[in-house]
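Notes follow the structure.
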Amino acid sequence: MKKQFKVLFFVAFGLIAAINASGQNYSSAIGARLGYPLALSYKMFVSDRNAVELYGGFQNYSLSNSLSINGAYQIHNDIDAVENLQWYYGVGAGLYFWSYDAGYKGDFRGGTSIALQGYLGLEYTFEEIPVCISADWIPSLALTGGTGFGGRYAGLGVRYILGN
């Protein structure tokens, strides 16, 4: 797990260090989402304010593993006091495949969960380099195979801007 964080740190540092011109607005970006889950992310604006984000990730803990596929529809609004900073909200869904060791010999469990998600976050687009960063809160409601409402999920995103 430490090795994964080191790799992601160096990827993020490399993206931030890249010097290319980029505008405030962009059409699409690809990168990493740190948090739950640790994921690859692709974000595409479908209009001036509306974006679709798709991300898939994997978590590996000592007694449990999960693989997730998520999608979100987000609506962005400018924060006039800070140039290139936007706040956003949205809705989404996630599909989770999980397994865990209950601690007893041979007691291995697993399943699939479907969740509805809300999104509330901030995104900053750098003006001089083709990078955007985001931080968001993702409350989730498991519809199947889960434990109900989860409000502790959050993410930090670092994405390389593909097109303006």
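In case it helps, our numbering puts the sequence shown at residues 86 to 249.
By construction, the Cβ of each residue, glycine as well, lies at the ideal position given by its N, Cα and C atoms.
Gly233 - DSSP class collapsed to helix/strand/coil
Residue state, collapsed to three classes: coil.
Can you tell me where the beta strand (DSSP E) holding Tyr185 begins and where it ends?
First-last of the beta strand (DSSP E) with Tyr185: 170 to 186.
Figure out for me which residue from Gly156, Ser184, Tyr174, Val243 has the closest Cα to the Cα of Tyr209.
In this structure, Val243 is the residue among Gly156, Ser184, Tyr174, Val243 with its C-alpha nearest to the C-alpha of Tyr209.
Note down, in chain order, each residue of its chain lying with its Cβ closer than 8 Å to the Cβ of Gly195, except the 5 sequence neighbours on either side.
Cβ neighbours of Gly195 beyond the five flanking positions: Phe182, Trp183, Ser184, Tyr185.
Would Gly240 pass as a contact of Arg134 if the rule is Cβ separation under 8 Å?
No, they are not a contact pair.
Reduced DSSP category for Asn249 - H, G, I as helix; E, B as strand; rest coil:
Judged by DSSP in its simplified three-state form, Asn249 adopts coil rather than helix or strand.
Figure out for me which residue from Gly177, Ile199, Phe234 has the closest Cα to the Cα of Val137.
Ranking Gly177, Ile199, Phe234 by Cα distance to Val137 puts Gly177 first.
How many Å lie between Ile214 and Gly230 at the Cα?
Cα-Cα distance, rounded: 42 Å.
Taking all protein chains shown into account, decide if Ser126 is buried (16 or more other Cβ within 10 angstroms of its Cβ) or exposed.
With 16 or more other Cβ atoms within 10 Å, it is buried.
Could you check which residue in Ile246, His161, Gly233, Pro122 has the C-alpha nearest to that of Glu212?
Ranked by Cα distance from Glu212, the first of Ile246, His161, Gly233, Pro122 is Ile246.
Taking DSSP as the reference, what is the three-state secondary structure of Gln89?
Confidence at Gln89 is low in this model, with a pLDDT of 43, below 50, so the placement of that residue is unreliable and no value is reported for it.
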